[in-house]
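In terms of the working numbering, the sequence shown opens at residue 1442 and continues consecutively. Here's the structure, in structure tokens; my notes come after.
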Amino acid sequence: MFRKIILVTFLFVSGYSYSQNDGAGNTGLSFLKTGVGAREISMGEAVSSISDDGTAVYYNPARLFNGPNNSLTLMHNASVADYTIDYIGAKISWSKFAFGVGIHSASVSDIEIRTAPGAVIDKFNSRDLSIGLSLAYKLSENLSIGVTPKFLYEKIYVDESSGMAFDFGANYTKNNINMSFVVANVGSVNELKNEETKLPTYVRFGASYKTGKGNMSYLIGADGFKVMDGGIFHLHTGVEAGYKQIVFLRAGYQTQYENKSFTAGVGLKYKSLNFDYAFVPYKNEFGSSNSFSLGFTF
């Protein structure tokens, strides 16, 4: 009974707002479905054909060829109930090859331990971790493919589990149009407390279009997203408007989630430095999340 209370408390706190209608009852490691990068989150995560920095390791490894040749991205997300997400991503490209690394972690602090209703007898922290190494190859001027093998680890109280998974991506670019296809989290992890944990394997596909006039630039994207085991189909859409490639306003919308829909954010760019912020309000008085990113190109 003691362990059951701990596990139920953790799963509710860390997964509720992120896993609704996403096969949450059939899969674990829900942090693998949460977005990274403040720019990407503010655009409703409709970015499998847009992401072009270190976040491409997460969204679509085939996109490592797009954007600057070399970049570093740092992100911190503060959400409800002391749930935090951190991400570090970097990429370099050379000739027909591009390489990336992404470190993605999620944690919940001060989870209360109770053997029954009453006083708290102890507290503990919990952590999930993914470390991925990406390789992308340019098949032609317009078409690229990529793969990300990644190590997975989770710890809940004293119980630990680890495993391996793979992400596969493709991207097609023609003029100002991009199209993408991704299959992510194909793999397995060890049992956690004698219980099988299925990874949230999902399919993501999308398209985007970029245009501009004068000092203004405009970007619009859309992604379809579905977790294969019990998830329903979600449509993610996002827009970005930029002024002189210095100031950016962003917004997004996600369908079929019980606790989130609208997203918004801003960005500032100065020479090789980017700062981005994303705000996601949750429904049902569940609070909100705030994401901050720093990006460097070199």
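For glycine and all other residues, C-beta sits at the position ideal for the given N, C-alpha and C.
According to DSSP, is residue 1658 helix, strand or coil?
Reading the sequence shown from its first residue, position 217 is the one you call residue 1658. Strand.
Taking the CB atoms as reference points, tell me whether residue 1484 and residue 1728 lie closer together than 8 Å.
Here the question's residue 1484 lines up with position 43 in the sequence shown. Here the question's residue 1728 lines up with position 287 in the sequence shown. Taking 8 Å as the Cβ cut-off, residue 1484 and residue 1728 do not qualify as a contacting pair.
Closest to residue 1588 by C-alpha separation, out of 1533, 1641 and 1606, would be which residue?
Position 147 of the sequence shown, counting from 1, holds the residue named residue 1588. Ranking the options by Cα distance to residue 1588, first place goes to 1606.
According to DSSP, is residue 1453 part of a helix, a strand, or is it coil?
Numbered from its first residue, the sequence shown carries residue 1453 at position 12. In this prediction, residue 1453 has a pLDDT of 41, which is less than 50 and means its spatial position is unreliable; what the coordinates show is noted afterwards. DSSP places residue 1453 in helix when its eight states are reduced to three.
6 Å CB neighbourhood of residue 1568 in its chain, flanking five on each side removed:
For the purposes of this step, residue 1568 is taken as residue 127 along the sequence shown, with counting starting at 1. Around residue 1568: 1548 and 1596.
Looking only at DSSP bridge pairs, what is residue 1705 linked to?
As a first step, residue 1705 is located in the sequence shown; it is residue number 264 there, counting from the start. DSSP, once it has assigned bridges, lists 1692 and 1720 as partnering residue 1705.
Quick one: residues in its chain with C-beta nearer than 6 Å to the C-beta of residue 1455, no 5 flanking neighbours on either side, listed in chain order?
Against the sequence shown, residue 1455 aligns to sequence position 14. Note on residue 1455: pLDDT 41, under 50, position unreliable in the model; the coordinate value appears next. 1524 and 1549.
What whole-angstrom Cβ distance do residue 1630 and residue 1661 have, given they're in contact under 8 Å?
Along the sequence shown, read from residue 1 onward, the residue named residue 1630 stands at position 189. Along the sequence shown, read from residue 1 onward, the residue named residue 1661 stands at position 220. Rounded to the nearest angstrom, the Cβ distance from residue 1630 to residue 1661 is 37 Å, too far for a contact under 8 Å.
Taking only three categories from DSSP, how would you classify residue 1560?
Numbered from 1 along the sequence shown, position 119 holds the residue referred to as residue 1560. Three-state DSSP puts residue 1560 in coil, outside helix and strand.
Where does residue 1712 land, buried or exposed, given buried means 16+ other C-beta within 10 angstroms?
Counting from 1 along the sequence shown, the entry for residue 1712 is found at position 271. By the neighbour-count definition (other C-beta atoms within 10 Å, threshold 16), residue 1712 is an exposed residue.
What residues in its chain sit with their C-beta under 6 Å from that of residue 1473, if we drop five residues either side in the sequence?
In the sequence shown, the residue the question calls residue 1473 occupies position 32. The residues are 1626 and 1641.
Neighbourhood of residue 1490 by C-beta, 8 Å cutoff - its chain only, sequence neighbours within 5 removed
As a working mapping, residue 1490 is identified with position 49 in the sequence shown. 1501, 1504, 1612, 1619, 1620, 1621, 1647, 1648, 1649, 1662 and 1664, listed in sequence order.
On the CB-based measure, 16 or more other CB atoms within 10 Å of its CB, does residue 1685 come out buried or exposed?
Residue mapping note: residue 1685 aligns to position 244 of the sequence shown, counting from 1. Per the 10 Å Cβ criterion, exposed.
Verify whether the separation of the beta carbon atoms of residue 1717 and residue 1479 is less than 8 Å.
Within the sequence shown, residue 1717 is the residue found at index 276, counting from 1. Within the sequence shown, residue 1479 is the residue found at index 38, counting from 1. Between residue 1717 and residue 1479, the gap from beta carbon to beta carbon is short of 8 Å.
Pop quiz: residue 1730 and residue 1518 are said to be a contact at Cβ under 8 Å. What is the actual Cβ separation, rounded to whole angstroms?
Reading the sequence shown from its first residue, position 289 is the one you call residue 1730. Reading the sequence shown from its first residue, position 77 is the one you call residue 1518. With a contact defined as Cβ atoms closer than 8 Å, residue 1730 and residue 1518 qualify at about 6 Å.
Spell out the partners DSSP gives residue 1645 in its beta bridges.
Within the sequence shown, the letter at position 204 stands for residue 1645. Looking at the DSSP assignment, residue 1645 forms a beta bridge with 1623 and 1666.
Helix, strand or coil: which one does DSSP assign to residue 1555?
Here residue 1555 refers to the residue found at position 114 of the sequence shown. DSSP places residue 1555 outside both helix and strand once states are collapsed to three, so it counts as coil.
Buried versus exposed call for residue 1657 [16 or more other C-beta atoms within 10 Å across all chains shown]:
The residue given as residue 1657 occupies position 216 in the sequence shown. Taking all protein chains in view, the Cβ of residue 1657 is surrounded by fewer than 16 other Cβ atoms within 10 Å, so the residue is classified as exposed.
Selection from 1571, 1600 and 1543 that minimises the alpha carbon distance to residue 1565
As a first step, residue 1565 must be located in the sequence shown, where it is residue number 124. It is 1600 whose Cα lies nearest to the Cα of residue 1565.
Ordered along the chain, which non-local residues of its own chain (more than five positions away) have a Cβ less than 7 Å from that of residue 1725?
Walking along the sequence shown from the start, residue 1725 turns up at place 284. Correct list, in chain order: 1700.
Determine the direct distance from the alpha carbon of residue 1720 to that of residue 1704, and round the result to whole angstroms.
For this step, residue 1704 is matched to residue 263 along the sequence shown. For this step, residue 1720 is matched to residue 279 along the sequence shown. Just so you know, the alpha carbons of residue 1704 and residue 1720 end up roughly 6 Å apart.
Helix, strand or coil, according to DSSP, for residue 1581 in the structure here?
Within the sequence shown, residue 1581 is the residue found at index 140, counting from 1. Three-state result, residue 1581: coil.
Put residue 1640 into one of helix, strand or coil per three-state DSSP.
Position 199 of the sequence shown, counted from the first residue, corresponds to residue 1640. Correct three-state label for residue 1640: coil.
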